[in-house]
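The next block holds one structure in the form of structure tokens; read it before the comments.
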Amino acid sequence: MKRLAILGSTGSIGQQTLDIVRSFPNKFKVIGLASGRNISLLAKQISEFQPQLAYSALKLSLPDKVKFSSMEEIASYPETDLVVIATSGKIGLTPTLAAIRSSKKIALANKEILAMAGEIIIAEAKRHRAQILPIDSEHSAVWQCLRGEKAEVARLLLTASGGPFYHYSSSQLAKVTADEALQHPTWKMGRKVTIDSATLINKGLEATEAHWLFSIPFDKIEIVIHSQSIVHSLVEFTDGSVKAQLSFPDMHLPIQYALSYPKRLPNSKLPRLDLVQVNSLTFKPVNYANFPCLELALEAGRRGGTYPAVLCAADEIAIELFLAKHTSFPDIARIIARTISLHQGIANPTLDEILAADAWARETALQIVNKGSLCY
Ligand code: MG
Numbered sequence: 031m032k033r034l035a036i037l038g039s040t041g042s043i044g045q046q047t048l049d050i051v052r053s054f055p056n057k058f059k060v061i062g063l064a065s066g067r068n069i070s071l072l073a074k075q076i077s078e079f080q081p082q083l084a085y086s087a088l089k090l091s092l093p094d095k096v097k098f099s100s101m102e103e104i105a106s107y108p109e110t111d112l113v114v115i116a117t118s119g120k121i122g123l124t125p126t127l128a129a130i131r132s133s134k135k136i137a138l139a140n141k142e143i144l145a146m147a148g149e150i151i152i153a154e155a156k157r158h159r160a161q162i163l164p165i166d167s168e169h170s171a172v173w174q175c176l177r178g179e180k181a182e183v184a185r186l187l188l189t190a191s192g193g194p195f196y197h198y199s200s201s202q203l204a205k206v207t208a209d210e211a212l213q214h215p216t217w218k219m220g221r222k223v224t225i226d227s228a229t230l231i232n233k234g235l236e237a238t239e240a241h242w243l244f245s246i247p248f249d250k251i252e253i254v255i256h257s258q259s260i261v262h263s264l265v266e267f268t269d270g271s272v273k274a275q276l277s278f279p280d281m282h283l284p285i286q287y288a289l290s291y292p293k294r295l296p297n298s299k300l301p302r303l304d305l306v307q308v309n310s311l312t313f314k315p316v317n318y319a320n321f322p323c324l325e326l327a328l329e330a331g332r333r334g335g336t337y338p339a340v341l342c343a344a345d346e347i348a349i350e351l352f353l354a355k356h357t358s359f360p361d362i363a364r365i366i367a368r369t370i371s372l373h374q375g376i377a378n379p380t381l382d383e384i385l386a387a388d389a390w391a392r393e394t395a396l397q398i399v400n401k402g403s404l405c406y
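Shown next, in the form of structure tokens:
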């Protein structure tokens, strides 16, 4: 029996994690649940899974047996074996570090955390022998391809669906609405990651995540557009052999793999891949010119220091403004680029310096929009 804490339990990954728990009641037990503002769903989850600890960003009345605890307390609770970090943005950063410092296994879906503070997280995980198990589909694919391999990696090929607008011209992109951007062609995901997939910044964050998770330099990471989302990523070894992981695009599988690792569990609820029905798999180069957010994220990852934290913070603000219909879709890239251009980066930052850069970037991104100083 693995005892789980799930941070971000009411989000898309959190709910799908609980689906896996429901499928295997004898293998997984929920010890802690944490949510943001969706307290009505959290209350239902608490009554169904009966955790010992719970947290929500809003006030919540709890049954007597459930103790209200911070996310850090839930992440480091002695009775927990595995902590699922299913939050999005920087909110999961300090709970992840708390879990690492308590030597927990960590199933990580929150990609911004590794982008922002990858160097600190990986160093702390080594020091405390905390294992980080990726949930992001591309990283789960790479992890599965690397299993049992001792050979050196020549290249990682991260696949990208391209999102809903990959074939749009720049004038079409200028007119994209929030509702259109929230419709992803192949994946059902949370709002932030759906917009990040439409701008392709998601793939730049994932390259940074892969860089830290697998100790691969950026010049060995390539991105390829694969609109069917069947091949989740590929690894090329030094002899030229390439391994890929394929499955129907459904996050339940990478979540279950992280939960059950090193075992695989038979689950009849997971969709099976029918390659004859899929019929063809296509791979195309990335159109960097129409999706400047991708290059911005890769550049921030290569520069390192506080730049990825600034990128992530500016992106969060830019997305909020876009979803609130204050700015256009191309403005997301403009706000991020302008914020980064104003930032004085710090190399080898401490956690406090990363958090300070994050706060500075949020403030700066808002000011850029409020003062109308976006560069066109
Ligand atoms: Mg992904």
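In terms of this note's numbering, the sequence shown opens at residue 31 and continues consecutively.
Glycine residues also receive a C-beta, built at the ideal position from the N, C-alpha and C atoms.
- Sorting Leu127, Leu404, Ala171, Leu186 by C-alpha distance to the C-alpha of Arg157 places Leu127 at the top.
- Short of 8 Å from the beta carbon of Gln46, and not among the five residues preceding or following it, lie these beta carbons of its own chain, in chain order: Met281, His282, Ile285.
- One alpha carbon belongs to Ala348, the other to Asp269, and they sit about 43 Å apart.
- Taking 6 Å as the cut-off, the C-beta of Glu179 does not count as close to any heavy atom of the ligand MG.
- With a cutoff of 6 Å, Asp94 does not count as near the ligand MG, since its C-beta is closer than that to no heavy atom of the ligand.
- These are the residues, in chain order, with a beta carbon less than 7 Å from any non-hydrogen atom of the ligand MG: Asp166, Ser167, Glu168, Asn232, Glu236.
- By the C-beta density criterion, Gly178 is exposed, having fewer than 16 other C-beta atoms within 10 angstroms.
- Closest in alpha carbon position to Ala330, among Leu235, Val306, Glu393, is Leu235.
- At a Cβ-Cβ threshold of 7 Å, Arg159 and Ser132 do not count as neighbours.
- Boundaries of the alpha helix (DSSP H) around Gly148: 141-157.
- Under the three-state reduction of DSSP output, Ser86 falls in the strand class.
- Taken through DSSP and simplified to helix, strand or coil, Phe359 comes out as helix.
- In this structure, DSSP gives Pro164 an extended state, which the three-state scheme calls strand.
- With fewer than 16 neighbouring CB atoms inside 10 Å of its own CB, Val272 falls in the exposed class.
- Distance from the CA of Pro292 to the CA of Leu112, rounded to the nearest whole angstrom, comes to 13 Å.
- For Gln275, the enclosing beta strand (DSSP E) has its first and last residue at 272-276.
- Around Ala274, the same chain offers Val261, Leu264 as residues with beta carbons nearer than 6 Å, after the five sequence neighbours per side are excluded.
- In the structure shown, Gly331 falls within a helical segment according to DSSP collapsed to helix, strand and coil.
- Counting the other CB atoms within 10 Å of its CB gives Gly402 a total below 16, which places it among the exposed residues.
- DSSP places His241 inside the alpha helix (DSSP H), whose first and last residues are 231-243.
- Scanning the segment 293-339 for uninterrupted alpha helix (DSSP H) segments of 4 residues or longer gives 305-308, 322-333, listed from N- to C-terminal end.
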